[in-house]
Amino acid sequence: MTTTTTADLYRDFVMPTYGRFDLELVRGEGARVWDAEGREYLDFGAGIAVCSLGHCHPAVTRAISEQAAKLIHTSNLYLNRTQGELARKIVGIVGLGGKVFFCNSGAEANEGLYKLARKFGAPTGRYGIISFTNSFHGRTLGGISATGQEKVKTGFAPLVEGFSHVPFNDLAAVEAAISPTTAAILLEPIQGEGGINLATPEFLRGVRALCDKRNLLLFFDEVQSGLGRTGDWCAWRSITAEGVEPDGVSWAKGIANGYPLGAFWVGEKDAGPDTEGKDRGPLSDLLGPGTHGTTYGGSPLCSTVGLTVLTIIEKEGLINHARELGSYLKKSLEELNLPAVRHVKGLGLMIGIELNDLTAVADAAKETPALRVTKALMAAGLLVIPSGERTIRLLSPLNIARAEADKALAILGKVLSEIS
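Residues 0 to 419 in numbering that gives the first Met the number 0 are what the sequence shown spells out, letter by letter.
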């Protein structure tokens with residue numbers, strides 16, 4: 000009798016929505032994972048910036064087990080103390096007052112921000128959102144409409160009305176794109192899927208000033224970059240510490256170490272009057288009963304995991320660790336002076352390695368340079384994440400050790416020297 004492989008099961012029963020690597024991971028511990036044949040890998044992808052504390056962190060495992068034995072789900076019809084505590088924690092992290100809504104993913108968190116923008120602009124007929132080229136905001140219809148990459152939109156027309164895209168870090172283009180129907184501006188302080196592209200401090204401050212001048216909302220998508228990854232709780236503060244206060248922020252990925260959880264925060268800006276001239280109160284109360292909801296978001300179990308993860312990041316000093324070790328990795332990569340590397344960019348443990356022209360190598364394998372290098376690194380025992388055609392991402396757990404960073408550097412140096 001023929002044995003059915005995992006690849007066979009995927010081929011026969013799983014929709015082909017991903018170009019998956021031929022690698023089956025079965026176990027993890029910290030920054031290491033093992034495949035079905037028992038081979039060990041150093042994981043500098045961390046589930047695409049999800050496993051902030053690494054794989055199978057004992058405190059997270061314990062929190063899941065203990066809460067699952069008490070109460071997993073009740074629905075949002077009832078009070079849940081841990082959800083309230085997690086919301087208080089996040090509001091404290093942002094430090095600007097406001098309130099939080101919990102959901103299941105980054106795409107859902109961003110959908111909440113789109114709805115907030117429309118609710119805010121409804122009395123004056125405003126609904127448009129400006130976002131940026133090379134951005135990524137999820138794969139819902141709203142998410143791909145907001146995303147500034149044509150490849151994610153193909154075949155899904157008509158898209159959601161109201162989204163426009165301008166070049167990243169181009170303040171003049173933003174100002175020119177503002178129309179009478181514009182309600183908000185949405186940006187990633189660091190574009191993850193787009194290639195680890197950082198907003199400049201001047202750009203962030205300029206966009207905030209434009210929003211103030213034109214009474215627009217400013218939203219930050221920190222699904223990949225937030226909650227410690229860049230060496231600060233909030234990625235925008237890693238770029239500029241003053242002059243910028245958003246009106247809404249979305250998170251997911253690293254918030255619960257792999258347990259599905261998303262969230263968006265909304266500040267206390269005055270929402271302005273309704274169509275009858277009545278005060279609508281603060282923005283954080285604008286989505287009232289019946290305007291937004293979720294079945295699973297903020298359950299006792301996911302709230303417990305999220306609160307556990309954020310508490311550990313704080314208690315173990317992992318934000319400073321991410322900033323310091325990320326700086327060490329970035330500087331060490333630059334000092335290798337590898338011919339294959341055009342540029343090393345990023346903040347904290349969100350690092351991008353932009354590759355030089357590897358056309359001959361890529362053409363030989365009929366793959367992009369980023370994919371070709373990702374596969375070569377995998378074969379050498381290091382997992383990274385491709386980003387666009389020419390950039391690979393290092394998104395390790397926030398608690399990696401210096402020795403693990405050095406091992407990754409050794410593998411990167413060897414493979415990139417050989418492949419160039």
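The C-beta atom is built at its ideal place from N, Cα and C for all residues, glycine as well.
Please read these numbers as outputs of a predicted model, since none were measured by experiment.
- DSSP places Val304 inside the alpha helix (DSSP H), whose first and last residues are Pro299 to Lys314.
- Ser74 places its beta carbon 9 Å or farther from that of Asn398.
- The three-state reading of DSSP puts Lys98 in strand, counting E and B together.
- A distance of 9 Å or more separates the beta carbons of Gly316 and Gly347.
- In terms of Cβ geometry, Thr123 and Gly137 do not form a close pair [threshold 9 Å].
- The three-state secondary structure of Asn109, taken from DSSP, is helix.
- Distance check between Gly412 and each of Lys98, Leu328 and Gly111 places Leu328 closest, using alpha-carbon atoms only.
- Sequence-distant Cβ neighbours of Thr5 in its own chain, meaning closer than 6 Å and more than five residues away, are Glu23.
- Check the Cα spacing between Leu335 and each of Leu415, Gly27, Met349 and Cys102: the tightest is with Leu415.
- Straight-line measurement puts the Cα of Leu306 at about 25 Å from the Cα of Ala240.
- About 7 Å separates the beta carbon of Ile128 from that of Tyr113, a gap short enough to meet the 8 Å contact definition.
- In the structure shown, Met14 falls within a coil segment according to DSSP collapsed to helix, strand and coil.
- In this structure the segment 263–277 does not touch the segment 39–51; the number of beta carbon pairs closer than 8 Å is below three.
- In terms of Cβ geometry, Gly227 and Ile312 form a close pair [threshold 9 Å].
- Collapsing the DSSP output to three states places Thr132 in a strand.
- Here Gln190 is bridged, per DSSP, to Asn196.
- Taking 9 Å as the cut-off, the Cβ atoms of Ser386 and Gly230 do not count as close.
- By the neighbour-count definition (other C-beta atoms within 10 Å, threshold 16), His56 is a buried residue.
- For Pro368, the enclosing alpha helix (DSSP H) has its first and last residue at Pro368 to Ala378.
- In this chain, the beta strand (DSSP E) harbouring Asp42 covers Glu39 to Asp42.
- Contact annotation: Ser302 and Glu84 have beta-carbon atoms nearer than 9 Å.
- For the pair Gly257 and Arg26, the Cα-to-Cα distance works out to about 14 Å.
- With respect to Pro245, Arg207 sits close: the two C-beta atoms are nearer than 9 Å.
- Checking the DSSP bridge columns, you'll see Trp232 has no partner listed.
- Ala183 and Phe218 do touch by the CB rule: their CB atoms are close to 6 Å apart, below 8 Å.
- For Leu76, the number of other beta carbons within 10 angstroms of its own is below 16, and it is reported as exposed.
- A Cβ-Cβ separation of about 7 Å places Asn79 in contact with Gly297 under the 8 Å criterion.
- Look at the segment 143–191 and you find these whole runs of alpha helix (DSSP H), each 4 residues long or longer: 170–176.
- Taking Ala58 as the centre and dropping the five residues before and after it, the same chain places the C-beta of Thr307 and Ile311 closer than 7 Å to its C-beta, in chain order.
- The C-alpha of Ser134 lies about 26 Å from the C-alpha of Met377.
- Rounded to the nearest whole angstrom, the CA to CA distance from Phe131 to Ala409 is 36 Å.
- One Cα belongs to Ser64, the other to Glu267, and the distance between them is close to 37 Å.
- Remark: C-beta atoms of Pro338 and Asn355 approach each other more closely than 9 Å.
- Residue pairing for Gly29: DSSP places it in a beta bridge opposite His54.
- DSSP places Leu324 in the helix class (H, G or I) of the three-state scheme.
- Within the same chain, Cβ atoms closer than 6 Å to the Cβ of Pro200 are found at Ile238 and Thr239, the five residues on either side in sequence being excluded.
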